[in-house]
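Presented below is the structure to which this report refers.
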Amino acid sequence: MESKRIALLQQMPLFGGIQEDALSFLLGVSRDVHVRPGAFFFREGEPGESMFVLDAGTVEVRKKARQGALLLSRLGPGDCFGEMALIDLSPRSASVQALEDCSAFEIFAASLHQLYQRDLEQFALIQMNMARELSRRLRATDERLLG
1 MESKRIALLQ QMPLFGGIQE DALSFLLGVS RDVHVRPGAF FFREGEPGES MFVLDAGTVE
61 VRKKARQGAL LLSRLGPGDC FGEMALIDLS PRSASVQALE DCSAFEIFAA SLHQLYQRDL
121 EQFALIQMNM ARELSRRLRA TDERLLG
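If you want it as structure tokens, here you go:
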């Protein structure tokens, strides 16, 4: 199972170029999470101390707006969410709800801090990848909202 997850992570922009031993470490300290349809991984405004990598299922990412909940994206296996809280240490900026049975693994901020102590280069590469991914998502949202 771990080798399958390492292969999944290596295909993701967030973990591109990360060495297998660093990924193995993160997986070793991650937590398996199972969420039923309609349940939330987390809600907007809650404290955020982790990110999730979706193994199976589909989720919707929604943000509160004046006219109701605004759909930001729909994510599937191999996608990650919740990483913004690891960057800015702020409460969750959106809610993530399961559309079907979902399984994911949860990577905690404390685990990334442990990686920082173990392998600064791999930690820095993950942080750069996070910044690139967040920038890509921001550009896509700008394009969608502003044309």
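Residue numbers (the UniProt record's numbering): 1 to 147. Here a beta-carbon is modelled for each residue, glycine too, at the ideal position from N, C-alpha and C. Keep in mind it's a predicted model, so treat the numbers as computed, not measured.
* Asked: Among Leu71, Ser103, Arg132, Arg137, which one has its Cα closest to the Cα of proline 37?
  -> Position 37 of the sequence shown, counted from the first residue, corresponds to residue 37. Nearest neighbour of proline 37 by Cα position, chosen from Leu71, Ser103, Arg132, Arg137, turns out to be Ser103.
* Could you check where the alpha helix (DSSP H) with glutamine 117 kicks off and where it finishes? -> Taking the first residue of the sequence shown as 1, we reach residue 117 at position 117. First-last of the alpha helix (DSSP H) with glutamine 117: 109-118.
* Does the distance from the CB of serine 50 to the CB of leucine 23 come in under 9 Å? -> Within the sequence shown, residue 50 is the residue found at index 50, counting from 1. Within the sequence shown, residue 23 is the residue found at index 23, counting from 1. It is not a contact, given that the beta carbons lie outside the stated cut-off.
* Verify whether the separation of the beta carbon atoms of methionine 130 and glutamate 83 is less than 9 Å. => On the sequence shown, position 130 is the one that residue 130 refers to. On the sequence shown, position 83 is the one that residue 83 refers to. Yes. Within cutoff.
* Asked: Can you tell which of Gln10, Glu2, Lys4, Ser73 has the C-alpha that lies nearest to the C-alpha of leucine 125?
  -> Translated into the one-based positions of the sequence shown, residue 125 becomes position 125. Comparing Cα-Cα distances from leucine 125 to each of Gln10, Glu2, Lys4, Ser73, the minimum goes to Gln10.
* To do: Under 6 Å Cβ to Cβ from leucine 27, same chain only, skipping five residues before and after it: list those, please.
  => Locating residue 27 in the sequence shown gives position 27, where the first residue counts as 1. Excluding positions up to five away in sequence, the list reads Glu2, Arg5.
* Opposing strand residues paired with serine 95 [DSSP bridges] -> For the purposes of this step, residue 95 is identified with residue 95 of the sequence shown, where counting begins at 1. DSSP, once it has assigned bridges, lists Arg62 as partnering serine 95.
* Asked: If you draw a straight line from the alpha carbon of leucine 146 to that of arginine 118, how long is it in whole angstroms?
  -> Taking the first residue of the sequence shown as 1, we reach residue 146 at position 146. Taking the first residue of the sequence shown as 1, we reach residue 118 at position 118. Between the alpha carbons of leucine 146 and arginine 118 lies a distance of about 42 Å.
* Return helix, strand or coil for glutamate 44, following the three-state DSSP convention. => Residue 44 sits at position 44 when you count from the first residue of the sequence shown. Coil.
* Check each candidate in Pro13, Gly78, Ser30 and name the one with the smallest Cα separation from leucine 112. => Numbered from its first residue, the sequence shown carries residue 112 at position 112. Closest option to leucine 112, Cα to Cα, is Ser30.
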